[in-house]
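Each remark here refers to the structure printed beneath this line.
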Amino acid sequence: MTYRAPVEDLAFTMRHVAGLEESIAEGLYPDLSVELVEQVLEEAGRFASERIAPLNAPADRTGARFADGQVTTAPGWKEVYTAWAEAGWNALPCDPEWGGQGLPTLVQTACVEFWNASCMSFALGPLLTAGAVEALTAHASEDLKRRYLEKLVSGEWMGTMNLTEPQAGSDLNAVRTRAERAGDGTYRITGSKIFITYGEHDLTDNIVHLVLARLPDAPPGTRGISLFLVPKFFVNDDGSLGARNDVRCHSIEHKLGIHASPTCTMVYGDAGGAVGWLVGEENRGLACMFTMMNNARLAVGAQGVAIADRAYQQALSYARERRQGRAPGAGEGMSPIADHPDVQRMLLTMKATTHAARGICLMTAAAIDRSRLAPDAEARRKAHELASLLTPVAKAFSTDIGCEVASLGVQVHGGMGFIEETGAAQHLRDARIAPIYEGTNGIQAIDLVLRKLPLSDGTTVRGAIAEMRKVGARLVASRDEAFGATAARLREAVEALDDATSFLLKALSGNSPADALAAATPYLRLFGIAQGGTALAMAALAASEARAAGDTNPAHAGRIALARFFAENIATGARGLAQTVMTGASALADAEAALAG
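Each residue of the sequence shown is one higher than the one before, starting from 178 at the first, in our numbering.
If you want it as structure tokens, here you go:
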């Protein structure tokens with residue numbers, strides 16, 4: 178089944194959920210119009226659907242291949258990547274000073290969904306390059322920027338992020354890769370890294386590695402980690418490539434999914450040490466890397482949305498064609514399984530949760546833009562805190578939804594979903610990595626509860642909940658009977674979130690971190706349901722107003738029905754999650770005894 182980029186849905190969500198029109202009216206995006214954004218989405222959707230998507234299934238079967246230290250990507254990969262970069266897609270969000278187009282994160286996030294839905298393995302390389310560009314733009318010396326940024330921005334070169342080591346997964350305190358001062362302003366890097374996405378490949382002439390390492394006199398823990406730029410090939414003063422650096426790919430992983438994305442074990446320093454250049458300050462590398470990781474976490478959230486939408490599209494197409502049994506009220510003969518109520522429930526769950534996660538990701542992107550572009554410092558500060566609050570939710574909730582929707586997609590296919598030829602299984606295999614990398618979803622939940630809820634003494638999260646309540650009030654004021662019980666169910670979900678938030682803030686202020694840690698994951702899910710339901714309601718309200726004004730677009734009725742389904746079938750779980758947050762931790766007191774059995 179071919180992929181159709183949901184351009185209209187993305188544009189509508191950007192306008193009515195993420196506040197695109199208001200931002201343009203405020204002058205936040207001075208060179209942008211709704212029409213221009215829609216044109217960008219149309220072109221991106223066309224490239225994703227027509228050029229990238231046909232590679233997805235064949236590349237999954239072929240995978241990336243490793244031999245004699247070289248990685249060969251799947252057939253057609255290099256040609257399409259070159260065309261993608263030459264079309265300017267890699268430069269979309271980057272600073273015009275270095276050849277970028279300077280478009281907002283909101284537009285970039287929408288396009289990231291298209292690239293990942295068409296082929297997640299393909300999109301992973303550019304995702305890491307975008308993070309490298311952001312880290313270098315924010316923290317590198319002028320010489321490093323001049324030498325590397327233009328070609329990273331254009332996509333002529335690609336970037337990587339080197340954090341993980343065999344003994345140091347999520348715990349960067351345990352990083353052992355070493356850096357020695359060379360006396361000439363450079364450093365010699367020795368050690369190894371694992372799980373390095375696109376650490377070696379044949380798509381570009383050079384690869385720019387950003388590597389975490391520890392200096393000999395560094396303080397212990399994460400306070401003693403520095404960040405270094407380590408190119409595959411040295412770059413001469415005239416921009417041409419020089420000799421090969423002392424870095425190599427030792428092997429690539431054989432993975433559950435994303436087969437066409439080379440996941441590499443990298444070795445630095447076989448011949449005395451790879452030459453690296455410091456990014457930022459010594460022993461302050463984690464702050465630089467988090468610039469890159471925060472960019473990547475929102476993009477990974479968009480990956481979850483992307484895989485969910487691709488799985489939903491395929492499941493819907495199959496359900497409309499597959500005939501089995503007789504649906505209630507049907508005439509003679511077998512009915513399409515899409516007419517059976519339980520299949521309809523699965524399809525609606527897939528679509529509603531996908532759209533809810535999409536709304537959260539785009540709202541997060543808009544908050545990031547406002548944190549950078551708002552005209553006054555206080556507005557930027559508030560937007561930064563809102564973006565910080567929403568980022569772990571966007572990453573974790575959306576990637577969980579990606580897995581759940583892809584799993585439902587297999588279920589809709591029945592036995593055929595378990596057969597690789599249908600393609601439904603690939604979506605589930607690919608989706609499964611997203612809750613793990615760029616900070617596991619458990620870590621995202623801990624970050625949300627321990628670091629983000631206390632921002633401004635809880636004012637930021639209280640403000641977010643207040644905005645949800647405003648949407649609920651608009652639902653109450655609406656006289657559109659098509660909403661059913663949407664207002665009541667959404668109000669209950671938001672109140673449940675408010676209760677759980679109060680409990681956690683009290684636990685944190687009372688120095689009860691165990692209660693907060695135990696409740697972190699269900700709290701994040703609760704937040705995602707309330708925020709996602711609010712996003713769907715905002716879209717539905719806009720659709721209802723458009724219909725009242727005479728707009729006959731049939732998509733409007735679907736948006737209202739989708740918000741109602743989410744509120745009446747999914748948001749109803751919010752109160753149970755709140756109870757888990759507030760009382761579930763006590764059961765962990767007996768965890769040792771329970772697990773011993």
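Glycine is no exception: its CB is placed at the ideal position from the N, C-alpha and C atoms.
Query	Result
Alpha helix (DSSP H) segments (min. 4 residues) lying fully within the region 712-757	732-746
Per DSSP, cross-strand counterpart(s) of Tyr445	Gly368, Val424
Exposed unless 16 or more other CB atoms sit within 10 angstroms - verdict on Arg666	buried
At least 3 beta-carbon pairs within less than 8 angstroms: the region 382-391 vs the region 323-339	yes
Leu387 - containing beta strand (DSSP E), residue span	384-391
Presumed contact (8 angstroms Cβ cut-off) between Ala448 and Val424, rounded CB distance	Going by Cβ atoms, the distance from Ala448 to Val424 rounds to 10 angstroms, so no, they are not a contact pair.
Contact under 7 angstroms by Cβ, Asn472 with Gly308	yes
Where Thr239 sits in the DSSP three-state scheme	helix
Inside the region 561-590 only - beta strand (DSSP E) runs reaching at least 3 residues	none
Cutoff 7 angstroms; reference Thr399; Cβ partners in own chain excluding five residues on either side	Leu349, Asn350, Leu463
Bridge partner(s) assigned by DSSP for Phe410	Arg421
Of the listed residues Phe410, Cys288, Pro303, Glu458, nearest to Arg324 (C-alpha basis)	Phe410
Extent of the continuous beta strand (DSSP E) to which Ala356 belongs	355-358
Segment contact flag, the region 586-604 with the region 659-678, C-beta cutoff 8 angstroms, min 3 pairs	no
Same chain, Cβ closer than 6 angstroms to Trp275, five either side skipped, listed in chain order	Leu326, Glu327, Val330
With 16 other Cβ atoms within 10 Å as the buried cut-off, status of Pro393	exposed
The region 228-238 / the region 251-263 touching (three or more Cβ pairs under 8 angstroms)	yes
Own chain residues within Cβ distance below 6 angstroms of Ala719, not counting five before or after	His193
Spatially closest choice to Asp245 from Glu290, Cys426, Arg223, Val184, by CA coordinates	Cys426
Rounded straight-line distance, which links the Cα of Glu722 to that of Arg752	30 angstroms
Alpha-carbon spacing of Thr663 relative to Leu739, whole angstroms	10 angstroms
Member of Pro699, Leu475, Thr374 whose CA lies at the smallest distance from the CA of Ala783	Residue 783 cannot be examined here, being either before or after the span of the chain that is shown, 178 to 774.
Burial state of Ala534 (16 or more Cβ within 10 Å)	buried
DSSP three-state assignment for Pro505, whether helix, strand or coil	coil
Assumed close pair Ala477, Glu377 - CB separation to whole angstroms, cut-off 8 angstroms	As written in the sequence, residue 477 is Val, which differs from the Ala given in the question. No, Val477 and Glu377 are not in contact; Cβ-Cβ is about 22 angstroms, not under 8 angstroms.
At least three beta-carbon pairs within less than 8 angstroms, the region 601-618 to the region 564-577	yes
Straight-line gap, Met645 to Gly687 (C-alpha atoms, nearest Å)	27 angstroms
Cβ contact (3+ pairs, closer than 8 angstroms) linking the region 688-695 and the region 723-735	no
Candidates Asp186, Phe224, Met466: closest to Glu311 by CA position	Met466
DSSP three-state assignment for Glu303, whether helix, strand or coil	A small correction: the amino acid at residue 303 is Pro; Glu does not occupy that position in the sequence shown. Helix.
Residue range of the beta strand (DSSP E) that includes Trp334	No beta strand (DSSP E) holds Trp334; DSSP gives it neither H nor E.
Helix, strand or coil at Thr314 [DSSP, three-state]	helix
Beta-carbon spacing of Val407, His316 below 7 angstroms	no
Touch test, the region 754-763 against the region 203-215, Cβ-Cβ under 8 angstroms, three pairs minimum	no
Cβ separation of Phe243 and Ile429, assumed to be a contact under 8 angstroms, to the nearest whole Å	4 angstroms
Segment contact, 8 angstroms Cβ cut-off, at least three pairs: the region 556-563 with the region 632-645	yes
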